[in-house]
Amino acid sequence: MTRSMQKIICFVSIASIFLPAWGQSPDWKVSEQDFEHTMSLVAFVNVDGRTLTGSGDRVAAFVNGECRGVAGLTEVSSHQEHLAYLTVFGNTNNEVVSFKIYDATADRVVDVAQQLVFRINAHEGNLLQPFSIAQPALSAAASITEISLAGLEPLNVKVADQKVVFLVEKDTPISAHTLLFTLTAGATLFWNNQPVISGENLLDFSQPVSLQLRSEDRSVIRSWTVAIEFASELLVYRRNATCFEAGAIKVTGSSDGQPVSLIRSGQVISSRSMTGGEVLFDRLVPGTYTVQTIAFEKLVIIEQP
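For the sequence shown, UniProt numbering begins at 1 and goes up steadily by one.
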């Protein structure tokens with residue numbers, strides 16, 4: 001053996017020590033011809049709190065140890081997601097489906113405790129709210145625990161019914177502000193279907209901003225409204241009903257275009273925008289009403305002598 005060949009052999013031997021040893025993904029296969037029906041899933045895959053995104057990652061569905069579906073991950077750039085489009089095969093309803101995940105980075109197969117009941121032609125998950133295949137299971141909690149606006153000290157903050165209203169002095173700029181917030185663990189806030197990061201956003205509050213709050217396991221989505229309103233005293237006038245004329249409620253203020261709702265027995269019976277500094281609700285029967293805006297609420301009783 002020549003000296004040059006010895007050097008080559010030595011180099012190859014040493015190099016092989018440092019090259020990573022990659023395993024192969026499981027040989028999961030489905031005998032599709034044995035089944036008459038399917039159900040489909042759009043799912044994200046998570047192992048130990050890490051959402052998988054690799055081209056070699058895979059997820060498989062099983063019934064009594066028999067493989068019923070296999071899928072890799074597809075990048076959905078519009079939603080910044082990597083999702084599995086998994087078709088599960090079966091013949092009858094109510095079969096119990098279990099899952100296995102192949103984590104290519106760790107080169108291991110993970111058994112998922114979560115199970116699913118097979119339903120013919122059913123579909124689970126979508127791009128905004130994909131089905132969760134995770135081990136361990138992720139949280140279904142979805143709450144905003146703290147919320148504020150960077151650099152803005154409001155006169156008051158009202159939080160009720162998944163609405164947040166910041167009351168500010170007149171002439172305060174409201175068009176562009178950065179939202180600061182804390183959510184329950186793993187939850188995500190969205191605006192226009194895009195994730196919003198606390199302190200790294202700039203939102204236009206000239207109109208109320210609609211947000212969606214999604215739980216870590218994606219099973220819960222709640223709509224939130226965040227608004228900035230000028231502190232102004234709305235004045236509410238009533239006209240009681242008489243034998244000859246129905247009652248009326250007039251609301252005056254300085255914010256043209258501001259929506260004002262009239263509520264009776266818990267139901268919104270009319271909603272109008274303030275025009276020329278006033279809103280009039282007429283033809284009212286005797287009873288108890290609530291005048292409401294995002295940041296204002298007043299009880300009004302229309303009486304009949």
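In this text, a Cβ means the ideal position worked out from N, Cα and C, and glycines have one as well.
Tell me the residue span of the beta strand (DSSP E) that contains residue i.
i	result
W224	221-230
K29	First-last for K29: undefined, no H or E at that position.
residue 359	Residue 359 lies beyond the range of the chain shown here (1 to 305); nothing can be said about it.
D103	96-103
F281	278-284
G69	66-72
I263	259-264
D111	108-117
S86	The sequence shown places Leu at residue 86, not Ser. Here the beta strand (DSSP E) through L86 covers 81-90.
G247	247-252
E297	297-302
L213	209-214
M39	37-47
R58	58-63
Q194	194-196
Using a Cβ-Cβ cutoff of less than 7 Å, which residues in the same chain neighbour residue i once the five nearest sequence positions on both sides are dropped?
i	result
G257	S273, M274
A140	S215, D217, S219, V220
F89	V30, E32, F35, T38, R68, G69
A15	Residue placement at A15 is flagged as unreliable, the pLDDT there being 40, under the threshold of 50; the coordinate-derived value follows with that caveat. Once the five neighbours on either side are set aside, A15 has no close Cβ partner at all.
P154	F166, L167, V168
G56	S25, A104
Rounded to a whole number of angstroms, what is the C-alpha to C-alpha distance between residue i and residue j?
i	j	result
V226	P26	48 Å
L52	L262	49 Å
H79	L202	19 Å
V285	I302	7 Å
E200	R264	41 Å
V96	T74	26 Å
F62	N156	55 Å
L299	G72	58 Å
G287	A142	38 Å
P305	E245	12 Å
A160	C243	39 Å
D282	Q207	27 Å
K250	A295	18 Å
G65	L116	14 Å
A185	Q24	34 Å
Q129	V165	27 Å
E297	Q194	33 Å
K158	L280	26 Å
S255	R222	29 Å
G54	G125	20 Å
Y85	V209	32 Å
N240	T178	46 Å
S162	F99	Looking at the sequence itself, residue 162 is Gln, so the reference to Ser does not match. Roughly 35 Å separates the two Cα atoms.
N121	G247	55 Å
Less than 8 Å between the CB atoms is what I'm expecting for residue i and residue j, so what's the real figure, rounded?
i	j	result
N93	R119	6 Å
L167	E229	6 Å
Y102	R58	4 Å
D204	A176	6 Å
V260	T293	6 Å
Less than 8 Å between C-beta atoms, sequence neighbours within five positions excluded: which residues of the same chain meet that for residue i?
i	result
A21	Low per-residue confidence applies at A21: pLDDT is 38, beneath 50, and the placement is therefore not dependable enough to give any value.
S132	A43, F44, N46, Q114, L138, D217, R218, S219
V76	H82, L83, L127
S271	P259, V260, S261, L262
Q135	N46, V47, D48, I101, V110, D111, V112, A113, Q114
T172	L152, I228, F230
Among residues of its own chain, excluding the 5 on either side of residue i, which ones have a beta-carbon nearer than 6 Å to its beta-carbon?
i	result
W191	L211
S40	T87, H123
S198	L180, F181
I269	L262
L189	V196, L211, L213
W28	A60, C67, V70
S4	Because the pLDDT of S4 is 48, which lies under 50, any placement of that residue in the model is unreliable, and the number read from its coordinates should be weighed accordingly. Answer for S4: no residue qualifies.
*Please determine if the region 99-114 and the region 143-153 are in contact, where contact requires at least 3 C-beta pairs separated by less than 8 Å.*
With a cut-off of 8 Å, the region 143-153 and the region 99-114 do not count as touching, because too few Cβ pairs lie within range.
*asked:* For the region 230-241 against the region 133-148, do three or more pairs of beta-carbon atoms, one drawn from each stretch, fall closer than 8 Å, so that the two count as touching?
replied: As far as the Cβ criterion goes, the region 230-241 does not touch the region 133-148, which means the pair count is below three.
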